[in-house]
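Encoded as structure tokens, the structure appears first; notes follow it.
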């Protein structure tokens, strides 16, 4: 009986993925501009009522009219109409054939890493989100998967880390939190030559600013909690692929692991995506002004932002993206100065996460990268004085004035 249930589950999932692939042909890059695409992809008027908003199908199971001919939906872990709508939108935005929505960004990354197994070796960028580092350094080794961390800004360093059993390349660009830039096209070419699966976390850029699949990357991962959702009101993750064989494997793992996005959160994510383009454009415009102001301030030791012309990855990033994004980091020199600064800030939240409409200041040492050993953080440039800011939709002058008054406190109020 158990074998029959597993076989039915597998067949149902494969059928859904086949339909998904057919329903989501690779969209020409210039067919819809991003501002239009985020509004009209996956959110067409509802078939039966014409509703402008995709309904929330709060159903765990679906009536089967013919047990010999499974329907599109049978159990919400395997597929749900609201989740399918957001998965369709995610795929189209990234220029892929299949999208998958998960209960968190880490659920998405874990599922992507499920493509590898015992005896496999992975290469990952050393500048990486703390949760992904924890997964690769502490969890995946329990299942026989080893990871070598390298400076992925140097493609030769990636190549030098290869072993006969290397199977995957895990990247972030811009990286979290030091905004290091990897040449995605060069990295993807290397991975393809070596037969590796390449995975990129595209959370910081979103598909409005960077499309890794178009540069040759195999798998794109998002913490959709961040800019895709955009309102600090849901936890979600996403994977998008273009290759049908990879889509089938990811779909199988999504169903097997079961960490899927709920119908309600799928609806929230769809709603957030509708304003993604205008939010990203406004946020990165302000972020450029904030980065420039911080760079000029005598109390700031260093600013990390790929929109600054002296950033070492400026040229590479400009060639592979449509903007510098809304996240930057800056170093105040010490933990004591960070604490003093944060007590004076009035507008930005001091919190974990990023990508909301409100600006969010985060302290990587105790927040996003707390899972990383202190010596590892230091070796990656994540010192005790580093702060990351996700720039929101506040007026740029108001935000800069608030940051500057907080910085002024570090020098006793003297500018």
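In full-length UniProt numbering, the protein residues as written are 1 to 415.
We put the beta carbon where it would ideally sit given N, CA and C, even for glycine.
Supposed contact pair residue 171 and residue 206 - C-beta distance, whole angstroms, cut 8 Å: No, residue 206 and residue 171 are not in contact; Cβ-Cβ is about 16 Å, not under 8 Å.
First through last residue of the alpha helix (DSSP H) which encompasses residue 368: Note, residue 368: premise wrong, no alpha helix (DSSP H); not H, not E.
Do residue 364 and residue 177 come within 8 Å of each other at the CB atom, strictly closer than that value? yes
Which runs of the beta strand (DSSP E), 3 residues or longer, sit entirely within the stretch 113-175? Runs of beta strand (DSSP E) with 3 or more residues, each lying fully within the stretch 113-175, are found at 121-125, 146-150, 166-172, listed in chain order.
Could you tell me which residues DSSP puts in a beta bridge with residue 75? 61
What is the rounded straight-line gap between the Cα of residue 401 and the Cα of residue 43? 39 Å
If we call anything under 8 Å between Cβ atoms a contact, is residue 361 one with residue 342? yes
Residue 295 versus residue 246 - alpha carbon distance: 43 Å
Could you give the C-beta distance for residue 359 and residue 404, rounded to a whole number, given that I count them as a contact under 8 Å? About 14 Å separates the two Cβ atoms, so there is no contact after all.
By the three-class DSSP mapping on this structure, what secondary structure does residue 305 have? Of the three classes helix, strand and coil, the one that applies to residue 305 here is coil, per DSSP.
Our contact map puts residue 158 next to residue 187 with C-beta atoms below 8 Å; I'd like the distance itself, whole angstroms only. 6 Å
Below 8 Å CB to CB, which residues in the same chain sit around residue 64 once its five sequence neighbours on both sides are set aside? 70, 71, 74
Tell me which residues share the same chain as residue 453 and place their Cβ nearer than 6 Å to its Cβ, disregarding the 5 neighbours each side in the sequence. This structure leaves residue 453 out entirely; the chain is present only between 1 and 415.
Whole-angstrom C-beta distance between residue 307 and residue 291, which should lie under 8 Å: 6 Å
Comparing C-alpha positions only, which one of 319, 277, 54 sits nearest to residue 32? 277
Alpha carbon of residue 289 to alpha carbon of residue 114, nearest angstrom: 41 Å
For residue 46 and residue 279, the rounded distance between their alpha carbons: Here the C-alpha atom of residue 279 lies approximately 26 Å from the C-alpha atom of residue 46.
Since residue 360 is in the beta strand (DSSP E), which residue starts that stretch and which ends it? 360-362
Nearest-angstrom Cβ-Cβ length linking residue 102 and residue 259, presumed shorter than 8 Å: 5 Å
Relative to the C-alpha of residue 40, which candidate in 87, 274, 262 has its C-alpha closest? 274
For residue 266, name the three-state secondary structure that DSSP assigns. For residue 266, the secondary structure class from DSSP, reduced to helix, strand or coil, is helix.
At which residues does the beta strand (DSSP E) containing residue 379 begin and terminate? Segment 374-379 is the alpha helix (DSSP H) holding residue 379; no beta strand (DSSP E) there.
Just how far apart, CA to CA, sit residue 149 and residue 372? 13 Å
Residue 269 to residue 167 span [Cα, whole Å]: Spanning the two alpha carbons is a distance of roughly 32 Å.
Beta-carbon proximity list for residue 136, same chain, < 6 Å, skipping 5 on both sides: 124, 147
Residues that residue 334 bridges to, as DSSP identifies them: DSSP output for residue 334 lists no bridge partner at all.
From residue 215 to residue 181, what does the alpha carbon distance come to, in whole angstroms? 14 Å
Between residue 346 and the rest of its own chain, which residues show a CB-CB distance below 7 Å, the 5 nearest in sequence each way excluded? 402
Roughly how many angstroms lie between the CA atoms of residue 233 and residue 261, to the nearest whole one? Their backbone Cα atoms lie some 14 Å apart in a straight line.
Sorted by chain position, which residues of the same chain lie with C-beta nearer than 6 Å to residue 129's C-beta, five sequence neighbours on each side aside? 176
For the structure I just gave you, are there three or more beta carbon pairs, one from the stretch 375-394 and one from the stretch 311-324, closer than 8 Å? no
Mapping DSSP to helix, strand and coil, what is residue 238? strand
Beta-carbon gap between residue 332 and residue 304 smaller than 8 Å: no
Residue range of the beta strand (DSSP E) that includes residue 219: 219-223
Per DSSP, what kind of secondary structure is residue 100 in: helix, strand or coil? Here residue 100 sits in strand by DSSP.
So residue 263 packs on residue 82, CB below 8 Å; how close in whole Å? About 4 Å separates the CB atoms of residue 263 and residue 82; that is less than 8 Å, so the two are in contact.
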